[in-house]
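What follows is a short report on a single structure.
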Amino acid sequence: MPIHNTNIITLLDNKIYPGESKEISFDIAKLHTATTVNVPIIIERSKKPGPTVLFTAGIHGDEVNGVEIVRQLIAKGINKPKCGTIICIPVINIFGFINLKREFPDGRDLNRVFPGSSKGSLASRVAHKLINEIIPHADYIIDFHTGGSGRFNAPQLRIANENKQLNDLAKVFGAPFVLYSKNVSKSFRLSCYKLAKPLLLFEGGKSFHIDDMVTNSGINGSKRILHHLGMLSSKFTVSAPKKDSLFIDESKWIRAKYSGMFKASSFIGIAVKIGDTLGNITDPYGKLNYVVKAQNDGYIINVNESPIVYQGDALFHITTKLKH
4 MPIHNTNIIT LLDNKIYPGE SKEISFDIAK LHTATTVNVP IIIERSKKPG PTVLFTAGIH
64 GDEVNGVEIV RQLIAKGINK PKCGTIICIP VINIFGFINL KREFPDGRDL NRVFPGSSKG
124 SLASRVAHKL INEIIPHADY IIDFHTGGSG RFNAPQLRIA NENKQLNDLA KVFGAPFVLY
184 SKNVSKSFRL SCYKLAKPLL LFEGGKSFHI DDMVTNSGIN GSKRILHHLG MLSSKFTVSA
244 PKKDSLFIDE SKWIRAKYSG MFKASSFIGI AVKIGDTLGN ITDPYGKLNY VVKAQNDGYI
304 INVNESPIVY QGDALFHITT KLKH
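Heads up, the sequence shown is in the numbering used here, so the first residue is 4 and it goes up one at a time.
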């Protein structure tokens, strides 16, 4: 377990001493109106040495449920460690968050430009500064995301397969599902992997939405990780997950066979059998009523909640192979 000594941490030219609480600004650029945009970073240090944990959210500006999880970690004081340091960045893509858009003003997806460049696009410059000035201080990273385009994700962690450290941390976190997925090219997760910084990527809920079940899963998992590292204040209780996490080796999407009005009749997280009715696609004129059925046994880990779908749209994400 990495242990930092009690020396001063210098973050973005700010000195943070043992036992100090500090809010600093992660500034990249002003708005086109010349208005300054501050991206707050909240740092809490114990007087006792220990690991440094970084909580991040809002890489995509429309994923507000992740922002809510980090906000609650701060508001409840969970981010005040018994030892070590906790760094919270509730909203990385503040430009997208202001406009409730996924991308940066330059049209780029921040999670596809890492490790970035100091002379690149706006998104690329943010990625570069994050990787070079924040990440070197972190021993562990938990990055919060949500589903997009009306698709609701069951609370889940996404990690690369065959990584024992991440596997062990995922078991401690205790999300209902752990989905093995490759590190995507130019993603935040891949850049942290190349720097040997263990990162748990949490997915849950959908864009423009805050869900209590998802929020609680993220908060409880974070508390379990901090407790595991000996960092959680004794005033907080840690509850064991209701069930052990299900580790998913393979999964597939059921896609819409027709365009039309869509209504799901199955719920997120439940087990289904092949042939089970999952929902219906209808048309506005009462002529079509297509029943969407499960194509295999498994668990539903994502549901499309859009009332209108087009042929080929993803409707349900269902596990096909669990790791035993």
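Beta carbons are placed, not taken as given, at the ideal position from N, Cα and C, and that holds for glycine.
Give the secondary structure of LEU198 by DSSP, where H, G and I count as helix, E and B as strand, and everything else as coil.
-> coil
Neighbourhood of ALA325 by C-beta distance below 7 Å, restricted to the same chain and skipping five residues each side | Residue 325 is actually Leu in this sequence, not Ala. Closer than 7 Å at the Cβ level, and outside the excluded window around LEU325, lie LEU249, PHE250, ILE251, ASP252.
Is the CB-CB distance between ILE138 and PRO93 below 9 Å?
-> no
Residue range of the alpha helix (DSSP H) that ILE228 falls in?
-> 215 to 231
In the DSSP assignment, what residue or residues form a beta bridge with ASP146?
-> THR59, LEU204
So the alpha helix (DSSP H) SER127 belongs to, where does it begin and stop?
-> 125 to 132
C-alpha distance - ILE145 paired with LEU203, whole-angstrom precision = Going by the C-alpha atoms only, they are around 5 Å apart.
Rounded C-alpha distance that separates LYS104 from LEU125 = Here the C-alpha atom of LYS104 lies approximately 15 Å from the C-alpha atom of LEU125.
Please state if the CB of TYR302 and the CB of ILE257 are separated by a distance shorter than 9 Å.
-> no
List the residues that DSSP assigns as beta-bridge partners of PRO43.
-> According to DSSP, PRO43 shares a beta bridge with SER28.
Look at the alpha carbon of GLY123 and the alpha carbon of ASP109, and state the distance between them as a whole number of angstroms.
-> 11 Å
Reducing DSSP to helix, strand and coil, say where LEU281 ends up.
-> strand
In whole angstroms, what is the alpha-carbon distance linking HIS320 and ILE12?
-> Cα to Cα, the separation comes out at about 43 Å.
Whose C-alpha, out of GLY153, VAL67, GLY263, HIS148, is nearest the C-alpha of ILE101?
-> VAL67
In terms of DSSP beta bridges, what is ARG48 paired with?
-> THR88
Pull up the distance between the alpha-carbon of TYR143 and that of VAL56, whole angstroms please.
-> 5 Å
Within 9 Å, strictly: CB atoms of GLY208 and THR285 | no
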